[in-house]
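Sequential numbering from 0 applies to the sequence shown in numbering that gives the first Met the number 0.
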Amino acid sequence: MKKCVFLIFIVFSALVVNSQITISGFVYDAETKEAIIGANIIDSINSAGTTTNTQGYYVFKTNSSVLKASFVGYQTKTVSLNQAKDTIINVYLKPLSYKLEEVIINAKGNNSINVSSLDIQEITELPSLGGQPDIVKSAQVLPGIQSQTEASSLLIVRGGDPGQNLFLLDNSALIYVNHLGGFMSVFNPDIINDITIYKAGFPARYGGKLSSIIDITQRSGNSNEFKGSFGIGITDANLSLEGKFTNKFTYILTARKTLFDVLLFAASGISDGGGYFMTYGFHDVNFKSVYRANARNTLAVNVFQGDDYLNVWNKKDENDHFNTKIRAKNIWGNMMSAASWNCIISPKIFSKTNLSYSIYRVSDIQSYTNSTVQGFNNKFTSKVQDISLNSVLSLNVIQDWLMVGGLHISYFKNTPFDYKVSGENNSHTILFEEIVNSSFSLSNQFSLFKFVNAEIGARLGNYFLSDTSQFFVEPRLDFSFNLNKLGSVNINYMHVNQASHLLVSSGNIYANEIWLPSSKDVPISTSVQT
Numbered sequence: 000m001k002k003c004v005f006l007i008f009i010v011f012s013a014l015v016v017n018s019q020i021t022i023s024g025f026v027y028d029a030e031t032k033e034a035i036i037g038a039n040i041i042d043s044i045n046s047a048g049t050t051t052n053t054q055g056y057y058v059f060k061t062n063s064s065v066l067k068a069s070f071v072g073y074q075t076k077t078v079s080l081n082q083a084k085d086t087i088i089n090v091y092l093k094p095l096s097y098k099l100e101e102v103i104i105n106a107k108g109n110n111s112i113n114v115s116s117l118d119i120q121e122i123t124e125l126p127s128l129g130g131q132p133d134i135v136k137s138a139q140v141l142p143g144i145q146s147q148t149e150a151s152s153l154l155i156v157r158g159g160d161p162g163q164n165l166f167l168l169d170n171s172a173l174i175y176v177n178h179l180g181g182f183m184s185v186f187n188p189d190i191i192n193d194i195t196i197y198k199a200g201f202p203a204r205y206g207g208k209l210s211s212i213i214d215i216t217q218r219s220g221n222s223n224e225f226k227g228s229f230g231i232g233i234t235d236a237n238l239s240l241e242g243k244f245t246n247k248f249t250y251i252l253t254a255r256k257t258l259f260d261v262l263l264f265a266a267s268g269i270s271d272g273g274g275y276f277m278t279y280g281f282h283d284v285n286f287k288s289v290y291r292a293n294a295r296n297t298l299a300v301n302v303f304q305g306d307d308y309l310n311v312w313n314k315k316d317e318n319d320h321f322n323t324k325i326r327a328k329n330i331w332g333n334m335m336s337a338a339s340w341n342c343i344i345s346p347k348i349f350s351k352t353n354l355s356y357s358i359y360r361v362s363d364i365q366s367y368t369n370s371t372v373q374g375f376n377n378k379f380t381s382k383v384q385d386i387s388l389n390s391v392l393s394l395n396v397i398q399d400w401l402m403v404g405g406l407h408i409s410y411f412k413n414t415p416f417d418y419k420v421s422g423e424n425n426s427h428t429i430l431f432e433e434i435v436n437s438s439f440s441l442s443n444q445f446s447l448f449k450f451v452n453a454e455i456g457a458r459l460g461n462y463f464l465s466d467t468s469q470f471f472v473e474p475r476l477d478f479s480f481n482l483n484k485l486g487s488v489n490i491n492y493m494h495v496n497q498a499s500h501l502l503v504s505s506g507n508i509y510a511n512e513i514w515l516p517s518s519k520d521v522p523i524s525t526s527v528q529t
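Here you go:
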């Protein structure tokens, strides 16, 4: 009899699971066609639901015929399901044109204390220099994050150092993220949509840094109309343009440039001391274009370029009969270009692939000439080049169980010291290394009994240098227990490795960051967090 009851239970459970269909797709702003991050998709029968990820993508199993999509500041939309099979549905939410009274919503939130999110509206409401919000400084209001020095955008996350933070701009790594010696970050708020910070318990698809992952998502551009803006602040002038090439093809361009270059030049020109002119400033440019080929496929191209520069040269001296010219030119910054492809392979399977190229370089040129000697020209350069391929595949196995697999391959060409001297005695000293990083990750995200959220996975990687090769296994465990009004309890275990080391010369506003790869003499850094 017991065997019969057990068999009936198994058959009934299978029928219930099979009666559910998988719904997936994207949630967009109906006016701008911008992906909405964190939108809620709710089953109207049992109030179970899910939220969209950083691409605005959701996947959900249900046996209901009606779903509701909602987000703060938008009208709730009811979606009727007319098909009894797995399907893809993109949802467009209309912004509210009026203010509502207070509404209390009871929903399952993010119980992990290791993950924090800020959208651009929250960032712009925080205090900032001259009314210009700073993405990285905004993160310093979160627990466990502080600045290295007062008013600096260099982040210290849970006792780490600035070189142990991984900054991702639309899934592409940026190596140098500061302007003005760390006083400002390179991220222009006019193009930012959302920022997610992992302070511990990294998902298995992330690795390579010990302290934190700062995942920044950019906007896609307005698909309804052309928009432009121009502004002048205390530190810089900024320009923003966005619109569409076609109904499926959008773009956004932002740029910033300092204004005090001319003031410094004028001030040094009228100064009696030193006998030198000086200019200092920065600029950065962001461009993103998105092509939504169809309901399943989205292609995007991203370009970033940003530099700081400091130029010093001597004034002409009427008493100098040898026409002496002394000049020092310093440039430092990075450039990144990337192409990405998001694809809904089936209602249960979603993939995102990203190919990127990034370069960070520091250049210091000093020259001296006059009419009596040949003179010299010294050039010091340090640079890091990174070509990376990332691919992530998500499979919704059943409701509340998501399996995520990832593949990452990077080729680094690291040139810490390249020194050239031209003149009477030419010399050239160069040191460079070529590194290949590869990794495979697999994780399972699931919920149990509506109050336990868990992620269990591992990252397998290999680091190869000419004299060093290391294989490593990085287990990742994260459990969150929701205690309702009492709060939540989080338990996690994480093993991570970092194969690059940042050297910082404090006190300099230029050329102050040099990266060294791990080798036999400089071992790979390892961190175990619990």
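A virtual CB, placed ideally from N, CA and C, is assigned to each residue, including glycine.
Start and end residues, beta strand (DSSP E) containing residue i
{"i": "residue 467", "result": "467-481"}
{"i": "residue 190", "result": "Segment: none, residue 190 is in no beta strand (DSSP E) and carries neither H nor E."}
{"i": "residue 243", "result": "235-245"}
{"i": "residue 204", "result": "No beta strand (DSSP E) contains residue 204, which DSSP labels as neither H nor E."}
{"i": "residue 414", "result": "400-421"}
{"i": "residue 172", "result": "171-173"}
{"i": "residue 217", "result": "211-217"}
{"i": "residue 611", "result": "One cannot answer for residue 611 here, as it falls past the ends of the chain, which runs 0 to 529."}
{"i": "residue 151", "result": "Careful: residue 151 lies outside any beta strand (DSSP E) and carries neither H nor E."}
{"i": "residue 88", "result": "Careful: residue 88 lies outside any beta strand (DSSP E) and carries neither H nor E."}
{"i": "residue 280", "result": "275-291"}
{"i": "residue 352", "result": "348-368"}
{"i": "residue 39", "result": "39-42"}
Three-state secondary structure (DSSP) of residue i
{"i": "residue 260", "result": "helix"}
{"i": "residue 390", "result": "strand"}
{"i": "residue 54", "result": "coil"}
{"i": "residue 61", "result": "strand"}
{"i": "residue 447", "result": "strand"}
{"i": "residue 74", "result": "coil"}
{"i": "residue 516", "result": "strand"}
{"i": "residue 487", "result": "strand"}
{"i": "residue 311", "result": "strand"}
{"i": "residue 19", "result": "coil"}
{"i": "residue 47", "result": "coil"}
{"i": "residue 163", "result": "helix"}
{"i": "residue 267", "result": "helix"}
{"i": "residue 332", "result": "strand"}
{"i": "residue 156", "result": "strand"}
{"i": "residue 554", "result": "With the chain running from 0 to 529 in the structure shown, residue 554 is simply not present."}
{"i": "residue 495", "result": "strand"}
{"i": "residue 229", "result": "strand"}
{"i": "residue 179", "result": "helix"}
{"i": "residue 114", "result": "strand"}
{"i": "residue 521", "result": "coil"}
Pair within 8 Å by beta-carbon distance, residue i and residue j
{"i": "residue 253", "j": "residue 280", "result": "no"}
{"i": "residue 355", "j": "residue 387", "result": "yes"}
{"i": "residue 237", "j": "residue 277", "result": "no"}
{"i": "residue 378", "j": "residue 324", "result": "no"}
{"i": "residue 512", "j": "residue 465", "result": "no"}
{"i": "residue 489", "j": "residue 187", "result": "no"}
{"i": "residue 406", "j": "residue 439", "result": "yes"}
{"i": "residue 462", "j": "residue 523", "result": "yes"}
{"i": "residue 389", "j": "residue 359", "result": "no"}
Cα-Cα separation, residue i to residue j
{"i": "residue 207", "j": "residue 498", "result": "7 Å"}
{"i": "residue 452", "j": "residue 501", "result": "35 Å"}
{"i": "residue 330", "j": "residue 458", "result": "37 Å"}
{"i": "residue 304", "j": "residue 483", "result": "46 Å"}
{"i": "residue 79", "j": "residue 345", "result": "20 Å"}
{"i": "residue 528", "j": "residue 454", "result": "15 Å"}
{"i": "residue 295", "j": "residue 38", "result": "19 Å"}
{"i": "residue 81", "j": "residue 444", "result": "29 Å"}
{"i": "residue 590", "j": "residue 246", "result": "This structure gives no information on residue 590, because the portion of the chain shown stretches from 0 to 529."}
{"i": "residue 353", "j": "residue 337", "result": "7 Å"}
{"i": "residue 20", "j": "residue 89", "result": "16 Å"}
{"i": "residue 366", "j": "residue 493", "result": "50 Å"}
{"i": "residue 398", "j": "residue 57", "result": "12 Å"}
{"i": "residue 414", "j": "residue 125", "result": "39 Å"}
{"i": "residue 385", "j": "residue 172", "result": "9 Å"}
{"i": "residue 103", "j": "residue 298", "result": "At residue 103 the pLDDT is 43, less than 50, meaning the model places this residue with poor confidence; the figure from the coordinates comes in the next sentence. Distance between the alpha carbons of residue 103 and residue 298 is about 38 Å."}
N- and C-terminal bounds of the alpha helix (DSSP H) containing residue i
{"i": "residue 528", "result": "No alpha helix (DSSP H) contains residue 528, which is instead part of the beta strand (DSSP E) from 524-528."}
{"i": "residue 135", "result": "134-137"}
{"i": "residue 119", "result": "119-123"}
For residue j and residue i, believed in contact at Cβ under 8 Å, the rounded distance
{"i": "residue 170", "j": "residue 339", "result": "7 Å"}
{"i": "residue 142", "j": "residue 475", "result": "The Cβ separation is near 21 Å, so there is no contact."}
{"i": "residue 204", "j": "residue 403", "result": "6 Å"}
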